[in-house]
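Engineer:
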Amino acid sequence: MTAIIEVNRLNKTYGKDSVLKDVSFVVEQDKIYGLLGRNGAGKTTIMHLITAQLFPTSGELKVFGENPYENNRVLSRLCFIKESQKYPESFRIVDVMDVASAIYPNWDSDFAGQLIQDFRLPVKRRMKKLSRGMLSSVGIIVGLASRAPLTIFDEPYLGLDAVARNLFYERLIEDYAEHPRTVILSTHLIDEVSNMLEHVFVIDNGKILVDEEADDLRGKAYRAVGPAANVNAFTAGKNIVQRESVGGFMSVTVLGPLDGSERRQAETQGIEISPVSLQQLIVHLTNDQMNREVANI
Amino acid sequence: MNRTAGVLKMHWRDKWIWIYTPWIILLFSFAVNLIIGVLTGGQENINSGGIASIYVFMLIVILIVQRQTFPFALGMNVRRTDFFVGTSIMGMFVSAASSIVLFLLSILEKLSDGWGVHLFYFNIPFMNHTSLLARFGIYFIVMIHMFFLGFIISSIYLRYKKPGLMVFFLALFLIFSLTSFALTYYSRWLDLFHWIAHHYMDLFVWMVPVSILYAVLSYILLRRATVS
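First to last, the protein sequences are chains H and X. Using full-length UniProt numbering, you'd call the opening residue of the first sequence number 1 and step up by one each time. Using full-length UniProt numbering, you'd call the opening residue of the second sequence number 1 and step up by one each time.
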């Protein structure tokens, strides 16, 4: 596997505020990554550093094996779509598409035209007159039609309705199948994208909490529901992240693997075992009180 | 594809602010002067000076354009260098084109003896003594100078944001105050005016290296400018 991004002990501070603390990770070629975490966790900062729009305070950062700063060999191969993207006041949607086609080497005009129809965008309308959802759609279209070997979406669907979001997922998956590339998706809507993601990074408070294959991560936790006494006994000594009881019943979320014998044991005691969704897992992980548990994952 | 071309294309999409608006303002001011000329029956020479409007607007153009297009261009993963080169080329192109039109209008003004009403809008009095080439040169150099002056001011903003501009203008204010105080204290104002009266052509010549200095400093500032 070829490494597209290599980040080594990256730090970013603003005055005394430390936004990223010793962040290290590797992104491999032609996979879909999820960069998940709460607001202000440092997701956007990482993406700004990768695209050299911000400068790291210290640490090493390589994109396509090189420093991205003022480097067209790197920058011409990536496309970063961010929620905070600004457009010149007088620009209409057609102007943005036109400039994008001049800037991105792999730009596919037909594909862009098709997407504009799919998202029902008024091409002659000025960017500043667009609704939040339409603005997001423009970003999504640029991101997809640029076909950049490294495409980064930062919260790409603010204000988009469920239909449009689905359209985005569909087009992304279809086009990814035909034109494999590395995609990094940063989002809050974890459940919606969880099936798409092949690898997950969870960042919290400027630190990487989780760096796992999505499939492995799904097996990292489970929920046991059953009679309180049985459940208590069953989960004793295990890494419990959440406990809820209603009447005589109890539901406990446990971090850690579950082997076959334990599964059979649970069955005989009337305890129901169910998987924990990626979203729930991440909510548990990034919940402040639970941070101490993470060391064990 | 060459990304400087992409930056040029981006600016070219904004012809309204780069080209139309400055010329509309200039021509409007010219029309007002012309009406005054007609009303006064052309009995007196009018040396309007209204041509300065397009020069002032050239500075405003780059202030507006750079603030809007730099974050956009960087967001589209364009290098800062490509942005600088593309924007400079656009500025020089617009300055050259505008200077050519100003130059042609000034010739027309001479031929028509001030548009028939002794209005000298595009000719400035001292230009009677300069060659045609020098006249075109002055139009062009002053405009380029205004462009890069605006460029460096907006680059200070992009690099250091509001505090940077505050420090810059405070420093500028202090320098002007001190100079003016010193000139008054040593009674040198008249000497200064004499010098300018005799050497104003030198001022235009000096605008060339000064503009280059602005450009270099703008580039250095932009190289470290960030977008978030």
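All C-beta atoms in this analysis are idealised placements derived from N, C-alpha and C, irrespective of residue type, glycine included. Owing to the predicted nature of the structure, the values given are computational and were not obtained by experimental measurement.
1) First and last residue of the beta strand (DSSP E) that includes isoleucine 120 of chain H?
2) Any Cβ of chain H within less than 8 Å of the Cβ of residue 308 of chain X?
3) Excluding five sequence neighbours on each side, which residues of the same chain lie with their C-beta closer than 6 Å to the C-beta of isoleucine 152 of chain H?
4) Between the stretch 4-13 of chain H and the stretch 48-61 of chain H, do three or more beta carbon pairs fall short of 8 Å?
5) Residue range of the beta strand (DSSP E) that alanine 224 of chain H falls in?
6) So, phenylalanine 83 of chain X versus leucine 222 of chain X, is the Cβ gap smaller than 8 Å?
7) DSSP three-state call for alanine 3 of chain H: helix, strand or coil?
8) Between H/Thr45, H/Asp30, H/Lys86, which lies nearest to histidine 179 of chain H when the distance is taken from Cα to Cα?
9) Compute the distance between the beta-carbons of phenylalanine 55 of chain H and arginine 13 of chain X, then report whether it is under 8 Å.
10) Which same chain residues end up closer than 6 Å to leucine 278 of chain H when comparing Cβ atoms and leaving out the 5 residues on each side of it in sequence?
11) Output needed in chain order: residues of the stretch 26-56 of chain H with a Cβ under 7 Å from some Cβ in chain X.
12) First and last residue of the beta strand (DSSP E) that includes glycine 59 of chain H?
13) Identify the continuous alpha helix (DSSP H) that holds leucine 172 of chain X and give its terminal residues.
14) Helix, strand or coil: how does DSSP classify lysine 21 of chain H here?
15) At the 8 Å Cβ level, is asparagine 296 of chain H part of the contact set with chain X, yes or no?
16) Kindly indicate which residue of H/Asp17, H/Lys16, H/Ser18, H/Glu28 has the alpha-carbon position closest to the one of phenylalanine 201 of chain H.
17) Scan the stretch 62-73 of chain X for residues whose Cβ lies nearer than 7 Å to a Cβ of chain H and list them as they occur along the chain.
18) DSSP beta-bridge partners for asparagine 47 of chain X?
19) Note down, in chain order, all residues in the stretch 60-93 of chain H with a beta-carbon under 8 Å from any beta-carbon belonging to chain X.
20) Measure the alpha-carbon distance for phenylalanine 148 of chain X versus glutamate 66 of chain H and round it to whole angstroms.
21) So glycine 116 of chain X and glycine 42 of chain X are supposed to be a Cβ contact under 8 Å. How far apart are they, rounded?
22) Apart from the five residues on each side of it in sequence, which residues of its chain come closer than 8 Å, Cβ to Cβ, to glycine 15 of chain H?
23) Can you round the beta-carbon distance between alanine 145 of chain H and arginine 181 of chain H to whole angstroms, since I take them to be within the 8 Å contact cut?
24) What does DSSP give as the partner residues of methionine 250 of chain H in its beta bridges?
25) Taking its Cβ as the centre, do 16 or more other Cβ atoms sit within 10 Å of leucine 132 of chain X, making it buried, or is it exposed?
26) Quick check on the DSSP output: what are the complete alpha helix (DSSP H) runs of length 4 or more inside the stretch 170-195 of chain H, in order along the chain?
27) Would isoleucine 93 of chain H and alanine 112 of chain H qualify as a contact pair, given that the criterion is a beta-carbon distance under 8 Å?
28) Of all the CB atoms in chain X, is at least one closer than 8 Å to the CB of aspartate 95 of chain H?
29) Classify lysine 161 of chain X as buried or exposed, calling it buried when 16 or more other Cβ atoms lie within 10 Å of its own Cβ.
30) When the Cβ atoms of the stretch 101-111 of chain X are set against those of the stretch 192-212 of chain X, are three or more pairs found closer than 8 Å?
31) Who are the near neighbours of proline 156 of chain H in its chain, counting only those whose CB is closer than 8 Å to its CB and skipping five residues on each side?
32) Any idea if glycine 226 of chain H is buried or exposed, counting beta-carbon neighbours within 10 angstroms, 16 or more meaning buried?
33) Just to confirm, is the Cβ distance from tyrosine 214 of chain X to arginine 67 of chain X under 8 Å?
34) Starting from histidine 199 of chain H, follow the beta strand (DSSP E) in both directions and report where the run begins and ends.
35) Is the stretch 200-219 of chain H touching the stretch 159-174 of chain H, taking contact as three or more C-beta pairs under 8 Å?
36) Beta-carbon of isoleucine 153 of chain X versus every beta-carbon of chain H: anything under 8 Å?
Structural biologist: The short version:
1) Position 120 of the first sequence holds residue 120 of chain H. Going by the sequence as given, residue 120 of chain H is arginine instead of isoleucine. Looking at the DSSP string, arginine 120 of chain H is not in any beta strand (DSSP E), and its letter there is neither H nor E.
2) Because chain X here runs from 1 to 228, residue 308 of chain X falls outside it and cannot be looked at.
3) Numbered from 1 along the first sequence, position 152 holds the residue referred to as residue 152 of chain H. If we look at isoleucine 152 of chain H and ignore the five residues flanking it on each side, its Cβ neighbours are Met47, Phe80, Ile184.
4) Taking a contact to require three or more Cβ pairs closer than 8 Å, the stretch 4-13 of chain H and the stretch 48-61 of chain H qualify as touching.
5) What you label residue 224 of chain H is simply residue 224 of the first sequence in a count that begins at 1. First-last of the beta strand (DSSP E) with alanine 224 of chain H: 221-227.
6) As a position in the second sequence, residue 83 of chain X is number 83, starting the count at 1. As a position in the second sequence, residue 222 of chain X is number 222, starting the count at 1. In this structure, the beta-carbon distance from phenylalanine 83 of chain X to leucine 222 of chain X falls below 8 Å.
7) What you label residue 3 of chain H is simply residue 3 of the first sequence in a count that begins at 1. Looking at alanine 3 of chain H - three-state DSSP - the assignment turns out to be strand.
8) The residue you call residue 179 of chain H lines up with position 179 of the first sequence. Selected option, being the one with the closest Cα: H/Asp30.
9) Looking up residue 55 of chain H in the first sequence gives position 55. Looking up residue 13 of chain X in the second sequence gives position 13. No, the pair does not count as a contact, with Cβ atoms beyond the cut-off.
10) In the first sequence, counting from the first residue as 1, residue 278 of chain H sits at position 278. Excluding sequence neighbours, leucine 278 of chain H sits near Ile190, Ser194.
11) Answer in chain order: His48, Thr51, Gln53, Leu54, Phe55.
12) Here residue 59 of chain H is taken as the residue at index 59 of the first sequence, counted from 1. If you look at glycine 59 of chain H, you'll find it in the beta strand (DSSP E) that goes 58-63.
13) On the second sequence, position 172 is the one that residue 172 of chain X refers to. Boundaries of the alpha helix (DSSP H) harbouring leucine 172 of chain X: 132-185, taken from the DSSP string.
14) The sequence position of residue 21 of chain H within the first sequence is 21, counting from 1. Strand.
15) Numbered from 1 along the first sequence, position 296 holds the residue referred to as residue 296 of chain H. Interpretation of asparagine 296 of chain H is limited by its pLDDT of 48, a score under 50 that renders its predicted location unreliable; the figure taken from the coordinates is listed afterwards. Answer no: the Cβ-Cβ gap between asparagine 296 of chain H and chain X never drops below 8 Å.
16) Residue mapping note: residue 201 of chain H aligns to position 201 of the first sequence, counting from 1. If we check each option's Cα against that of phenylalanine 201 of chain H, H/Glu28 comes out closest.
17) Going along the stretch 62-73 of chain X in chain order, one finds Gln68, Thr69, Pro71, Phe72 with a Cβ nearer than 7 Å to chain H.
18) Numbered from 1 along the second sequence, position 47 holds the residue referred to as residue 47 of chain X. Beta bridge pairing from DSSP links asparagine 47 of chain X with X/Phe120.
19) Of all residues in the stretch 60-93 of chain H, Glu70, Asn71, Asn72, Leu75, Ser76, Leu78, Cys79, Phe80, Lys82, Ser84, Gln85, Lys86, Tyr87, Pro88, Glu89, Ser90, Phe91 have a Cβ within less than 8 Å of some Cβ in chain X.
20) For the purposes of this step, residue 148 of chain X is taken as the residue at position 148 of the second sequence. For the purposes of this step, residue 66 of chain H is taken as the residue at position 66 of the first sequence. Phenylalanine 148 of chain X and glutamate 66 of chain H have their alpha carbons spaced roughly 33 Å apart.
21) The residue you call residue 116 of chain X lines up with position 116 of the second sequence. The residue you call residue 42 of chain X lines up with position 42 of the second sequence. The beta carbons of glycine 116 of chain X and glycine 42 of chain X sit about 7 Å from each other, so the pair counts as a contact at 8 Å.
22) Residue mapping note: residue 15 of chain H aligns to position 15 of the first sequence, counting from 1. Setting aside the 5 residues that flank it on each side, glycine 15 of chain H has no residue in the same chain whose C-beta is closer than 8 Å to its C-beta.
23) Looking up residue 145 of chain H in the first sequence gives position 145. Looking up residue 181 of chain H in the first sequence gives position 181. Contact doesn't hold; Cβ gap of about 12 Å is too wide.
24) The sequence position of residue 250 of chain H within the first sequence is 250, counting from 1. In the DSSP output, where bridge partners are listed per residue, methionine 250 of chain H has H/Gly226, H/Ser245.
25) Here the question's residue 132 of chain X lines up with position 132 in the second sequence. Counting Cβ neighbours within 10 Å, leucine 132 of chain X comes out exposed, since fewer than 16 surround it.
26) Runs of the alpha helix (DSSP H) inside the stretch 170-195 of chain H: 190-193.
27) Locating residue 93 of chain H in the first sequence gives position 93, where the first residue counts as 1. Locating residue 112 of chain H in the first sequence gives position 112, where the first residue counts as 1. Against a cut-off of 8 Å, the Cβ pair of alanine 112 of chain H and isoleucine 93 of chain H comes out as no contact.
28) Translated into positions along the first sequence, residue 95 of chain H becomes position 95. Output row for aspartate 95 of chain H: interface = yes.
29) Along the second sequence, read from residue 1 onward, the residue named residue 161 of chain X stands at position 161. Taking all protein chains in view, the Cβ of lysine 161 of chain X is surrounded by fewer than 16 other Cβ atoms within 10 Å, so the residue is classified as exposed.
30) Contact between the stretch 101-111 of chain X and the stretch 192-212 of chain X is absent, because fewer than three Cβ pairs lie under 8 Å.
31) Mapped onto the first sequence, residue 156 of chain H falls at position 156. So the qualifying residues of the chain are Ile81, Glu83, Ser136, Gly139, Ile140, Gly143, Phe168, Leu185, Thr187.
32) By one-based count along the first sequence, residue 226 of chain H stands at place 226. Of the other Cβ atoms in all chains shown, 16 or more fall within 10 Å of the Cβ of glycine 226 of chain H; this residue is therefore buried.
33) Locating residue 214 of chain X in the second sequence gives position 214, counting from the first residue. Locating residue 67 of chain X in the second sequence gives position 67, counting from the first residue. With a cutoff of 8 Å on beta-carbon distance, tyrosine 214 of chain X and arginine 67 of chain X are scored as not near each other.
34) For the purposes of this step, residue 199 of chain H is taken as the residue at position 199 of the first sequence. 199-204 is the span of the beta strand (DSSP E), which, as asked, contains histidine 199 of chain H.
35) Contact between the stretch 200-219 of chain H and the stretch 159-174 of chain H is absent, with fewer than three C-beta pairs closer than 8 Å.
36) Numbered from its first residue, the second sequence carries residue 153 of chain X at position 153. False, the Cβ-Cβ gap to chain H never drops below 8 Å.
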